[in-house]
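Take a look at the structure below.
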Amino acid sequence: MSCQGSSRPACLVLADGTVYRGAAFGAERSGVGEVCFNTSLTGYQEILTDPSYAGQIVAMTCPEIGNVGVNPEDEESERPHLVGFVVRELSPVVSNWRAEEDLDTYLRRHGVVGLAGIDTRALVRRIRDGGFQMGVIAAGREAEDVEALRRRAREAPGLDGRDLVAEVTCSAPYEFREGAWAGVGGQIPRPPRPEPSLSVVAYDFGVKRNILRMLVEQGFRVTVVPATTPAGEVLARRPDAVFLSNGPGDPAGVRGVREQVAELARRLPLFGICLGHQILSLSLGARTRKLVFGHHGGNQPGKDLATGRVAICAENHGYAVDPESLERVGEPVEVTHVNLNDGTVEGLAHRKLPVFSVQYHPEASPGPHDAAYFFGRFREMVLRHKRGEAVSGAAVARGN
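Quick note, the sequence shown lines up with residues 1 to 400 if you use my numbering.
Structure (structure tokens):
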């Protein structure tokens, strides 16, 4: 199976005027987005289909992309949500027994423009040293008028204050029953899945399918609801717990959600991941802030403050919880995990309520899986709460 790109011209133009010229693959069009980079060595299809990348142009630091093609099983949502995709080299060959399509064809089919053949190291250094900035990615004729692209990039509004969740959330509730991929029969033995004895309502802020799979693997009956669902409608379903999903953009820009979360946190066990972690913090009265260039990749070190242990984690966020604001929320909450690279808040737990959250992705597909135990802790917390035991998120986050 070939995934040869083309000789069609393409370019990426940053708001500061920098131009990166290369060859196009995927769709012949243009798009405006915030430019970020991802340091993962594997899992480009999961990155492409992660709704958390809505509104962004993603550059991969791994020098060759496309060698394993794409397949339906590895998609984290129904389609790519990013604006554009930038790589150093597009693999000329697909070599994987699970591949059903090459990357060029896949992006073309979904209307996503790709750019190959640029110095991604130079691009990453510019973002790392200068911070996030807006950019325009263009292929074909639109790539010829660089001055027009520069103007578009300079005039483009950033992600601050935008409600990108409204663009990616589901339109109606649905049940999710799919478990984790079982692998090849007879080669990867898996422990039996618990009977679905618990129910959870998952708020879809841009949820990844593997999060839902991990909940199913823990014996939850999963109902996914739109981000705008009132707390009363959730409670009317009589769930045993609530889950807050990942999602794109500025958590402070997501409208009408924190009030619902604040009410639900008083009534039911609650677990949040990534944007869900940030929205939970906002619902408790904290603030969030934008990072210089964000955390995007599968090699972020997260330290458990209770044990001192460090897990290698997958992360994908451009905003973080302000730790000073947590000290003034008036709620008995504690920071449970931090990022060792920059000290940002990576985990939060309530000392009285069965509520906790993590900034990184314990469900990471294809990995790493160092933090996957959080789903088991969530299940145990829900079971203890259902039995009438007094249990707090802080105790659960510490493994007690």
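Cβ atoms here follow ideal geometry from the backbone N, Cα and C, with glycine treated the same way.
From a predicted model like this one, the values you see are computed outputs, not experimental measurements.
With 16 as the cutoff for other CB atoms within 10 Å, does residue i come out buried or exposed?
{"i": "residue 50", "result": "buried"}
{"i": "residue 208", "result": "buried"}
{"i": "residue 172", "result": "exposed"}
{"i": "residue 376", "result": "exposed"}
{"i": "residue 292", "result": "exposed"}
{"i": "residue 336", "result": "buried"}
{"i": "residue 106", "result": "buried"}
Residues in its own chain within less than 6 Å of residue i by CB, not counting five upstream and five downstream?
{"i": "residue 29", "result": "113"}
{"i": "residue 311", "result": "302, 370 and 371"}
{"i": "residue 40", "result": "297 and 298"}
{"i": "residue 60", "result": "38 and 87"}
{"i": "residue 79", "result": "110"}
{"i": "residue 338", "result": "303 and 346"}
{"i": "residue 383", "result": "none"}
{"i": "residue 325", "result": "286 and 287"}
{"i": "residue 315", "result": "295, 300 and 360"}
{"i": "residue 128", "result": "293"}
Between which two residues does the beta strand (DSSP E) holding residue i run?
{"i": "residue 357", "result": "355–358"}
{"i": "residue 31", "result": "30–38"}
{"i": "residue 308", "result": "No beta strand (DSSP E) contains residue 308, which DSSP labels as neither H nor E."}
{"i": "residue 273", "result": "270–273"}
{"i": "residue 24", "result": "19–26"}
{"i": "residue 124", "result": "Note, residue 124: premise wrong, no beta strand (DSSP E); alpha helix (DSSP H) at 120–130."}
{"i": "residue 105", "result": "Premise fails: residue 105 lies in the alpha helix (DSSP H), 103–110, not in any beta strand (DSSP E)."}
In the DSSP assignment, find the alpha helix (DSSP H) that holds residue i and state where it starts and stops.
{"i": "residue 209", "result": "209–217"}
{"i": "residue 372", "result": "Note, residue 372: premise wrong, no alpha helix (DSSP H); not H, not E."}
{"i": "residue 261", "result": "258–265"}
Who are the Cβ neighbours of residue i in its own chain at under 8 Å, not counting the five residues just before and after it?
{"i": "residue 365", "result": "43, 46, 74, 76, 208 and 210"}
{"i": "residue 225", "result": "170, 173, 201, 202, 203, 204, 233 and 234"}
{"i": "residue 89", "result": "63, 64, 65, 116 and 117"}
Helix, strand or coil, according to DSSP, for residue i in the structure here?
{"i": "residue 290", "result": "strand"}
{"i": "residue 5", "result": "Confidence at residue 5 is low in this model, with a pLDDT of 47, below 50, so the placement of that residue is unreliable and no value is reported for it."}
{"i": "residue 326", "result": "helix"}
{"i": "residue 363", "result": "coil"}
{"i": "residue 153", "result": "helix"}
{"i": "residue 159", "result": "coil"}
{"i": "residue 205", "result": "coil"}
{"i": "residue 51", "result": "helix"}
{"i": "residue 234", "result": "helix"}
{"i": "residue 169", "result": "coil"}
{"i": "residue 241", "result": "strand"}
{"i": "residue 142", "result": "helix"}
{"i": "residue 347", "result": "strand"}
{"i": "residue 332", "result": "coil"}
{"i": "residue 72", "result": "helix"}
{"i": "residue 391", "result": "coil"}
{"i": "residue 83", "result": "coil"}
Determine the direct distance from the alpha carbon of residue j to that of residue i, and round the result to whole angstroms.
{"i": "residue 164", "j": "residue 322", "result": "21 Å"}
{"i": "residue 219", "j": "residue 93", "result": "40 Å"}
{"i": "residue 53", "j": "residue 259", "result": "25 Å"}
{"i": "residue 118", "j": "residue 27", "result": "18 Å"}
{"i": "residue 150", "j": "residue 17", "result": "6 Å"}
{"i": "residue 175", "j": "residue 222", "result": "6 Å"}
{"i": "residue 144", "j": "residue 115", "result": "14 Å"}
{"i": "residue 274", "j": "residue 360", "result": "6 Å"}
{"i": "residue 380", "j": "residue 391", "result": "10 Å"}
{"i": "residue 269", "j": "residue 121", "result": "44 Å"}
{"i": "residue 193", "j": "residue 318", "result": "35 Å"}
{"i": "residue 461", "j": "residue 161", "result": "Outside the displayed range of the chain (1 to 400) lies residue 461, so it cannot be described from this structure."}
{"i": "residue 81", "j": "residue 168", "result": "8 Å"}
{"i": "residue 123", "j": "residue 368", "result": "26 Å"}
{"i": "residue 358", "j": "residue 132", "result": "23 Å"}
{"i": "residue 239", "j": "residue 23", "result": "51 Å"}
{"i": "residue 229", "j": "residue 250", "result": "19 Å"}
{"i": "residue 363", "j": "residue 8", "result": "38 Å"}
{"i": "residue 32", "j": "residue 159", "result": "11 Å"}
Which same chain residues, not among the five before or five after residue i, have their C-beta less than 7 Å away from its C-beta?
{"i": "residue 101", "result": "69 and 70"}
{"i": "residue 19", "result": "11, 13 and 146"}
{"i": "residue 1", "result": "At residue 1 the pLDDT is 37, less than 50, meaning the model places this residue with poor confidence and gives no usable figure here."}
{"i": "residue 264", "result": "231, 234, 242 and 270"}
{"i": "residue 261", "result": "244, 279, 280 and 283"}
{"i": "residue 108", "result": "26 and 27"}
Taking only beta-carbon positions, decide if residue i is within less than 8 Å of chain D.
{"i": "residue 176", "result": "Judged by its chain identifiers, the structure shown contains no chain D, having just a single protein chain."}
Using 7 Å as the cut-off, classify the Cβ of residue i as near or not near the heavy atoms of the ligand MN, replying yes or no.
{"i": "residue 84", "result": "You won't find the ligand MN in this model; it holds no ligand whatsoever."}
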